[in-house]
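Participant: To start, I am sharing the structure in question, which I have written as structure tokens.
In my numbering, the protein residues as written are 23 to 360.
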């Protein structure tokens, strides 16, 4: 038999309204009564009717999250941050993965809208260019915040790092160690994150009067196989680079595979640096020098910002929030002092 609020009220000899307010942590109810109500509710096995609450409050207390690649550890740690912040704010999470497909991404967002979630967090796929689904989101007045990856000028807030500045910072650090022959394994130019990271790479070379060698810029997908193939292309050239700057740590992992297969030692024969994060960087051997994108902090900040926008019914000005990215020096690049 399903336990109802009236059953708790009868046992405590109070009204159902008192029970309802106590379970909602209403200020009208004393702390002692709240504890009594919660104790009896637990003892009887009471399960709140979320659907009824949603109908009454016109809120689902649910947030939808769309990520492009569940196997990418960056997004795994971002989701950790999102879930921690959601628990703090009392929200449940509905997860969806786009598998780097714009079509799947659109379907996921449409389904989340049909479920009437209170807000949506999205990191777009590498192929996303169509704004149609995001225009639909605007028309429904559902708050949405991008994280890590976004659609430029779409009219929604975004939380991430400054990709141009972070790439510039990392490549400048490599140059400070005495390297000039630096290749870049990145993503396709129509993918905004890839474009910005390549821009930062070019900017660092230009500011240090190092000419760009277009043979050393290879644009593929943000995956392990692209890193493997990119390495093969670079090392088929007569003029080979000293360092590879990978647009993410998954690409870097692919370069490790190919380097090991070719008998190229890291960092003795080749330095490798990448965008990434601490947990994955220390998983590789030798450990990978990265510009740390702080995925957990990005997830927490994105969720907090979305909750703010939900509180104002989405009536906020879109903002780009850039978290600080720091270089984590590990073993994949020989330093001046070594």
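All C-beta atoms in this analysis are idealised placements derived from N, C-alpha and C, irrespective of residue type, glycine included.
Which first and last residues belong to the beta strand (DSSP E) in which residue 296 is found?
Facilitator: 293 to 298
Participant: To which residues does DSSP link residue 117 through a beta bridge?
Facilitator: Per DSSP, 87.
Participant: Could you give the residue range of the beta strand (DSSP E) that holds residue 205?
Facilitator: 204 to 209
Participant: Could you tell me which of 296, 242, 324 and 289 sits nearest to residue 222, measuring between CA atoms?
Facilitator: 296
Participant: What whole-angstrom Cβ distance do residue 41 and residue 179 have, given they're in contact under 8 Å?
Facilitator: With a Cβ gap of about 39 Å, residue 41 and residue 179 do not count as contacting.
Participant: Between the region 285 to 299 and the region 329 to 341, can you find at least three pairs of beta-carbon atoms closer than 8 Å?
Facilitator: no
Participant: Report the CB separation of residue 82 from residue 139 in whole angstroms; it is logged as a contact under 8 Å.
Facilitator: 6 Å
Participant: What are the start and end residues of the beta strand (DSSP E) that includes residue 213?
Facilitator: No beta strand (DSSP E) holds residue 213; DSSP gives it neither H nor E.
Participant: With DSSP as the reference, identify every bridge partner of residue 239, one or two as the case may be.
Facilitator: 206
Participant: Quick check for students: name the residue ranges of the alpha helix (DSSP H) that lie wholly in the region 130 to 210, counting only runs of 4 or more.
Facilitator: 154 to 162 and 185 to 198
Participant: CA-CA distance, residue 176 and residue 69?
Facilitator: 40 Å
Participant: Please report how far the alpha carbon of residue 263 lies from the alpha carbon of residue 233, in whole angstroms.
Facilitator: 13 Å
Participant: If you draw a straight line from the C-alpha of residue 287 to the C-alpha of residue 316, how long is it?
Facilitator: 28 Å
Participant: How far does the beta strand (DSSP E) with residue 31 in it extend, from its first residue to its last?
Facilitator: In the DSSP assignment, residue 31 falls outside any beta strand (DSSP E) and lies within the alpha helix (DSSP H) extending over 27 to 34.
Participant: With which residues is residue 244 paired in a DSSP beta bridge?
Facilitator: None, per the DSSP bridge assignment.
Participant: For the beta strand (DSSP E) holding residue 344, just list the boundary residues, first then last.
Facilitator: 342 to 345
Participant: What does the alpha-carbon distance come out to for the pair residue 261 and residue 200?
Facilitator: 18 Å
Participant: Between the region 128 to 147 and the region 160 to 175, do three or more beta carbon pairs fall short of 8 Å?
Facilitator: yes
Participant: Expressed to the nearest angstrom, what Euclidean distance is found between the alpha-carbon atoms of residue 151 and residue 162?
Facilitator: Roughly 21 Å separates the two Cα atoms.
Participant: For the structure I just gave you, are there three or more beta carbon pairs, one from the region 44 to 54 and one from the region 98 to 116, closer than 8 Å?
Facilitator: no
Participant: How many whole angstroms separate the CB atoms of residue 249 and residue 268, which I take to be in contact at a CB cut-off of 8 Å?
Facilitator: Going by Cβ atoms, the distance from residue 249 to residue 268 rounds to 6 Å, so yes, they are a contact pair.
Participant: Is the separation between the beta-carbon of residue 216 and that of residue 194 shorter than 8 Å?
Facilitator: By the CB criterion at 8 Å, residue 216 and residue 194 fall outside the cutoff.
Participant: For residue 97, which three-state DSSP category applies?
Facilitator: DSSP places residue 97 in helix when its eight states are reduced to three.
Participant: Which term fits residue 86, buried or exposed, when burial requires 16 or more other beta carbons within 10 angstroms of its beta carbon?
Facilitator: Result: buried.
Participant: Indicate whether residue 131 and residue 167 have their beta-carbon atoms separated by less than 8 Å.
Facilitator: Contact check for residue 131 against residue 167 fails: the beta carbons are separated by 8 Å or more.
Participant: Name the DSSP bridge partner or partners of residue 311?
Facilitator: 295
Participant: For residue 66, which option in 255, 25, 291 and 134 has the closest C-alpha, if you only look at C-alpha atoms?
Facilitator: 25
Participant: Residue 266 by DSSP, collapsed to three states: which one?
Facilitator: Here residue 266 sits in strand by DSSP.
Participant: Please list the terminal residues of the continuous alpha helix (DSSP H) segment that includes residue 273.
Facilitator: Residues 271 to 284.
Participant: Buried or exposed: where does residue 231 fall if 16 or more other Cβ atoms within 10 Å of its Cβ makes it buried?
Facilitator: exposed
Participant: Helix, strand or coil for residue 348, going by three-state DSSP, please let me know.
Facilitator: strand
Participant: Going by DSSP in three states, residue 48 sits in which element: helix, strand or coil?
Facilitator: coil
Participant: Can residue 311 and residue 348 be called in contact, C-beta distance under 8 Å?
Facilitator: no
Participant: Measure the CB-CB distance between residue 272 and residue 255 and report whether it falls below 8 Å.
Facilitator: no
Participant: Using a 10 Å radius around the Cβ and a threshold of 16 neighbouring Cβ atoms, would you call residue 341 buried or exposed?
Facilitator: exposed
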